[in-house]
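Step one of this worksheet: look at the structure below.
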Amino acid sequence: MTKLNTTDLSIGYDKKIVVNDITVEIPKGQITSLIGPNGSGKSTFLKALAQILEPAKGEVFIDGENVQRLETKAVAKKIASLSQTSSLISGLTVEEIVAYGRFPYQKGFSGLKEEDHRLIGWALEATNLESLKKRTLITLSGGQQQRVWIAMALAQDTDILILDEPITFLDPAHQLEILELLQEINRHGKTILMTIHDLNHASRFSDYLLGMKNGELVFQGTPKEIFTADKLLNLFDIQATFATLPNSDKPLVIAYDLVKEH
Amino acid sequence: MTKRNYFFSVVFILLITAMFLSLRYGAVTSKWTDVSQALFHFDPANQGEQLIRYLRLPRMIGAVLVGAAFAISGALIQGITSNPIADSGLLGINSGAGLGLAIVFAISGNPSPTVGIVGSFLGASVSIVLIYLVSSKVSFGLSPIRIVLLGAALSSFFAAISQSISLLFDLNQDMTFWFVGGTANLSWAQLQTIYPLILLGILGACLISPQITLLSLGDDTAISLGKKPNRIRRLSMLIVLLLAGSSVALVGAISFIGLMVPHIVRFFVGHDYRYVIPASGIFGALFFVVADVVSRLVAPPLETPTGVIITLIGVPFLLLQIRKGSL
Numbered sequence: 131m132t133k134l135n136t137t138d139l140s141i142g143y144d145k146k147i148v149v150n151d152i153t154v155e156i157p158k159g160q161i162t163s164l165i166g167p168n169g170s171g172k173s174t175f176l177k178a179l180a181q182i183l184e185p186a187k188g189e190v191f192i193d194g195e196n197v198q199r200l201e202t203k204a205v206a207k208k209i210a211s212l213s214q215t216s217s218l219i220s221g222l223t224v225e226e227i228v229a230y231g232r233f234p235y236q237k238g239f240s241g242l243k244e245e246d247h248r249l250i251g252w253a254l255e256a257t258n259l260e261s262l263k264k265r266t267l268i269t270l271s272g273g274q275q276q277r278v279w280i281a282m283a284l285a286q287d288t289d290i291l292i293l294d295e296p297i298t299f300l301d302p303a304h305q306l307e308i309l310e311l312l313q314e315i316n317r318h319g320k321t322i323l324m325t326i327h328d329l330n331h332a333s334r335f336s337d338y339l340l341g342m343k344n345g346e347l348v349f350q351g352t353p354k355e356i357f358t359a360d361k362l363l364n365l366f367d368i369q370a371t372f373a374t375l376p377n378s379d380k381p382l383v384i385a386y387d388l389v390k391e392h
Numbered sequence: 119m120t121k122r123n124y125f126f127s128v129v130f131i132l133l134i135t136a137m138f139l140s141l142r143y144g145a146v147t148s149k150w151t152d153v154s155q156a157l158f159h160f161d162p163a164n165q166g167e168q169l170i171r172y173l174r175l176p177r178m179i180g181a182v183l184v185g186a187a188f189a190i191s192g193a194l195i196q197g198i199t200s201n202p203i204a205d206s207g208l209l210g211i212n213s214g215a216g217l218g219l220a221i222v223f224a225i226s227g228n229p230s231p232t233v234g235i236v237g238s239f240l241g242a243s244v245s246i247v248l249i250y251l252v253s254s255k256v257s258f259g260l261s262p263i264r265i266v267l268l269g270a271a272l273s274s275f276f277a278a279i280s281q282s283i284s285l286l287f288d289l290n291q292d293m294t295f296w297f298v299g300g301t302a303n304l305s306w307a308q309l310q311t312i313y314p315l316i317l318l319g320i321l322g323a324c325l326i327s328p329q330i331t332l333l334s335l336g337d338d339t340a341i342s343l344g345k346k347p348n349r350i351r352r353l354s355m356l357i358v359l360l361l362a363g364s365s366v367a368l369v370g371a372i373s374f375i376g377l378m379v380p381h382i383v384r385f386f387v388g389h390d391y392r393y394v395i396p397a398s399g400i401f402g403a404l405f406f407v408v409a410d411v412v413s414r415l416v417a418p419p420l421e422t423p424t425g426v427i428i429t430l431i432g433v434p435f436l437l438l439q440i441r442k443g444s445l
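Those protein sequence lines, which keep their order, are chains A and B. Throughout the first sequence, residue numbering follows our numbering, covering 131 to 392 in sequence. Throughout the second sequence, residue numbering follows our numbering, covering 119 to 445 in sequence.
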């Protein structure tokens with residue numbers, strides 16, 4: 131299983147540093163959620179992990195190798211990453227998009243091989259898209275489109291899956307559908323790293339949490355370790371009240387208030 | 119048979135038919151026996167066969183190549199700029215090439231095909247670099263409409279300079295043909311210099327086509343699937359230069375083919391550039407050959423420039439698409 135870690139990673143746009151000095155190892159085979167307020171640098175951090183952005187300082191390592199020294203294609207076989215693609219309009223069909231997940235493995239004009247067809251079929255099946263595979267992306271709902279992107283990432287057959295806000299624009303039922311799908315994928319042995327705003331979903335569906343604020347990694351740990359009044363106060367400036375359902379070690383936030391400044 | 123294969127087969131048959139018709143019909147209608155003689159048992163002493171062999175055949179081959187080249191370069195530009203209204207003509211690339219030609223004519227009087235191409239390439243590359251610089255700054259929120267406005271401005275600017283040059287140097291006779299565009303002056307000598315460049319461009323476009331589709335899924339997705347978006351854009355611009363530069367050197371600044379053809383073929387073959395590029399090529403060739411035959415038959419024995427026929431179809435098409443809201 132592929133190991134993903136960073137050392138002293140800083141990332142900036144022009145001169146402005148957005149992510150500052152993060153050293154972290156993403157737990158293998160687990161679901162890790164990155165939480166933190168808007169503008170805390172979560173998306174930027176994810177983009178650097180997937181080689182989309184170049185670090186200003188520090189390194190990202192895949193299995194001990196510096197990502198910047200690897201070919202983009204080699205990285206594409208280890209990490210699949212989904213950005214916030216909700217606005218993309220495409221006339222491609224579901225099947226075509228998912229097939230492009232096999233792109234990193236194709237050489238020249240060789241076309242799709244047996245193995246490619248198997249993985250594409252599996253990705254469509256896992257995301258429950260078989261009946262929609264001839265439809266074009268623009269004709270699908272937001273939840274269905276999100277499933278298409280996930281299917282493409284699955285077809286990419288990587289150990290690590292990085293998703294930036296995979297459920298932000300979805301209604302509650304579709305949110306759950308995507309998260310359960312990710313859980314299912316995780317059971318097949320994939321490491322998942324995502325950003326998520328809903329704290330209770332983060333707790334329920336994650337094995338591990340990373341908290342980011344102002345570009346810094348302020349804490350990391352299991353949901354039980356993180357969901358404490360002082361840590362959430364520090365991270366989001368909210369005063370939260372917790373409860374834990376019976377037969378679960380995942381705390382839930384049942385109410386929270388803004389901290390009034392005096 | 120799928121809709122896609124059906125489209126390819128039908129267009130292919132129509133193209134072959136149109137190619138033969140374009141050998142037979144013109145100011146003078148030739149006999150089929152002359153056509154076949156000229157192709158397979160050419161007798162240089164027979165005037166009817168000469169007409170076909172020396173005038174119509176290079177013209178037909180040129181029309182096929184240029185139609186394919188303009189259509190493919192339009193599809194490429196639409197793909198890399200995420201702009202459905204892009205076309206080498208509308209973006210000022212063709213008139214840039216035209217200006218390059220005008221300068222070459224002004225300097226050397228009667229340039230060889232090779233020199234003409236060099237001028238055409240240099241002119242086209244000025245427009246391409248400008249368009250590339252502007253459209254790669256997507257962060258400025260440059261809308262498709264603005265890029266087209268920039269192209270229109272470039273286009274009229276270059277056309278104005280070209281015309282001034284041709285007036286100053288008294289090139290009107292030589293240049294008029296390039297301003298309106300047409301196949302009337304196509305010769306074997308020109309074709310021989312230019313056809314390898316166009317074939318190379320078409321091959322390059324087919325090879326890069328899957329990556330254009332990747333680009334259409336967004337830069338981040340392209341990177342995530344192992345490709346560098348800017349490298350794809352630069353390579354594509356080079357191919358556009360090859361295709362549009364060569365075509366303008368052959369037939370002049372003809373617009374709208376690159377705009378119309380990819381839109382039409384997407385309806386039949388879908389949005390994957392692996393099919394859009396070859397389909398645009400074959401359909402563009404058909405379109406141009408037909409337009410060329412029509413241009414000879416409108417008012418024989420006079421020639422209506424092919425560029426005029428294409429613009430007459432192109433403008434209403436553009437308006438219709440805008441009205442439908444698909445652009």
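Where is the CB? At the ideal position from N, CA and C, for every residue including glycine. From a predicted model like this one, the values you see are computed outputs, not experimental measurements.
8 Å Cβ cutoff, residue i in contact with chain B
i: A/G169; result: no
i: A/E225; result: no
i: A/S211; result: yes
i: A/L134; result: no
i: A/T325; result: no
i: A/Y386; result: no
i: A/T312; result: According to the sequence as given, residue 312 of chain A is Leu; it is not Thr. Taking Cβ atoms only, chain B never reaches closer than 8 Å to A/L312, which makes this a no.
i: A/S240; result: no
i: A/Q198; result: no
i: A/S173; result: no
i: A/F233; result: yes
i: A/K208; result: no
i: A/I192; result: no
i: A/G393; result: Residue numbering for chain A in the displayed model covers 131 to 392; residue 393 of chain A lies beyond these limits and cannot be assessed.
i: A/T321; result: no
i: A/Q276; result: no
i: A/A180; result: yes
i: A/Y338; result: no
For residue j and residue i, believed in contact at Cβ under 8 Å, the rounded distance
i: B/G319; j: B/A371; result: 17 Å between Cβ atoms; not a contact.
i: B/G192; j: B/L377; result: 6 Å
i: A/I384; j: A/S163; result: With 8 Å as the limit, A/I384 and A/S163 do not qualify as a contact, their Cβ atoms being about 19 Å apart.
i: A/I292; j: A/L176; result: 5 Å
i: A/G321; j: A/G159; result: A quick correction: the sequence has Thr, not Gly, at residue 321 of chain A. That belief holds up - the Cβ atoms of A/T321 and A/G159 are roughly 6 Å apart, short of 8 Å.
i: B/V252; j: B/I265; result: 7 Å
i: A/L249; j: A/I192; result: Going by Cβ atoms, the distance from A/L249 to A/I192 rounds to 21 Å, so no, they are not a contact pair.
i: B/S284; j: B/N290; result: 6 Å
i: B/P419; j: B/A145; result: 4 Å
i: B/S342; j: A/A180; result: 6 Å
i: B/I125; j: B/F386; result: Strictly speaking, residue 125 of chain B in this sequence is Phe, with Ile absent from that position. The pair is a contact, with the Cβ atoms about 4 Å apart (cut-off 8 Å).
i: A/G231; j: A/M282; result: 4 Å
CB contact below 8 Å: residue i versus chain A
i: B/L321; result: no
i: B/G259; result: Any reading at B/G259 needs caution, since the residue's pLDDT is 46, under 50, leaving its predicted position unreliable; the model's value is listed next. For B/G259, the answer is no, since every Cβ of chain A falls outside 8 Å of its Cβ.
i: B/R441; result: no
i: B/G370; result: no
i: B/S334; result: yes
i: B/D205; result: no
i: B/D338; result: yes
Closer than 7 Å: residue i CB and nearest the ligand FAD heavy atom
i: B/H381; result: Only the bare structure without any ligand can be found here, which leaves the ligand FAD out of the picture.
Any C-beta of chain C under 8 Å from that of residue i
i: A/T202; result: Structure shown: chain C not included; protein chains present are A and B.
**Study point:** Given 8 Å, three or more beta-carbon pairs between the region 330-340 of chain A and the region 305-314 of chain A
**Key:** yes
Point to revise | Unbroken stretches of the alpha helix (DSSP H), 4 residues or longer, contained in the region 120-154 of chain B | key: 121-142
Check your understanding: Are the region 241-249 of chain B and the region 349-364 of chain B touching by the rule of at least three beta carbon pairs closer than 8 Å?
Key -> yes
Practice item. Report yes or no: do three or more beta-carbon pairs, one from the region 239-248 of chain A and one from the region 206-215 of chain A, lie closer than 8 Å? Key: Counting Cβ pairs under 8 Å, fewer than three are found: no touch.
**Study point:** the region 400-415 of chain B / the region 182-191 of chain B touching (three or more Cβ pairs under 8 Å)
**Key:** yes
**Study point:** Completely contained alpha helix (DSSP H) runs for the region 284-349 of chain B, where each covers 4 or more residues
**Key:** For the region 284-349 of chain B, whole alpha helix (DSSP H) runs of length 4 or above, ordered along the chain, are 290-298, 306-334 and 337-342.
Practice item. Let me know the alpha helix (DSSP H) ranges lying completely inside the region 267-337 of chain A, each 4 residues or longer, listed in chain order. Key: 272-285, 302-317 and 329-335
Practice item. Report yes or no: do the region 208-217 of chain B and the region 274-285 of chain B share at least 3 C-beta pairs separated by less than 8 Å? Key: Output reads yes: the region 274-285 of chain B touches the region 208-217 of chain B.
Practice item. Can you give me, in chain order, the residues of the region 341-354 of chain B that have a beta carbon less than 9 Å from any beta carbon in chain A? Key: Here the close residues are I341, S342, L343, G344, K345 and K346.
Practice item. Give, in chain order, every residue of the region 369-391 of chain B whose Cβ lies closer than 9 Å to some Cβ of chain A. Key: R384, G388, H389 and D390
Review point. What are the start and end residues of each continuous alpha helix (DSSP H) run of 4 or more residues lying completely inside the region 191-226 of chain A, in chain order?
Key: 202-206
Exercise for review: Could you say if the region 300-307 of chain A and the region 265-273 of chain A meet the contact criterion of at least three C-beta pairs nearer than 8 Å?
Suggested key: yes
Review point. Are there three or more Cβ pairs, one per stretch, closer than 8 Å when the region 347-355 of chain B is compared with the region 322-336 of chain B?
Key: yes
Point to revise | Whole runs of the alpha helix (DSSP H) within the region 334-374 of chain A, excluding any shorter than 4 residues | key: For the region 334-374 of chain A, whole alpha helix (DSSP H) runs of length 4 or above, ordered along the chain, are 353-356 and 359-366.
Practice item. Please name the residues in the region 297-331 of chain B whose beta-carbon is closer than 8 Å to at least one beta-carbon of chain A, in chain order. Key: L325, P328 and T331
Practice item. Taking only runs that begin and end inside the region 357-444 of chain B, name each unbroken beta strand (DSSP E) of 3 or more residues, in chain order. Key: none
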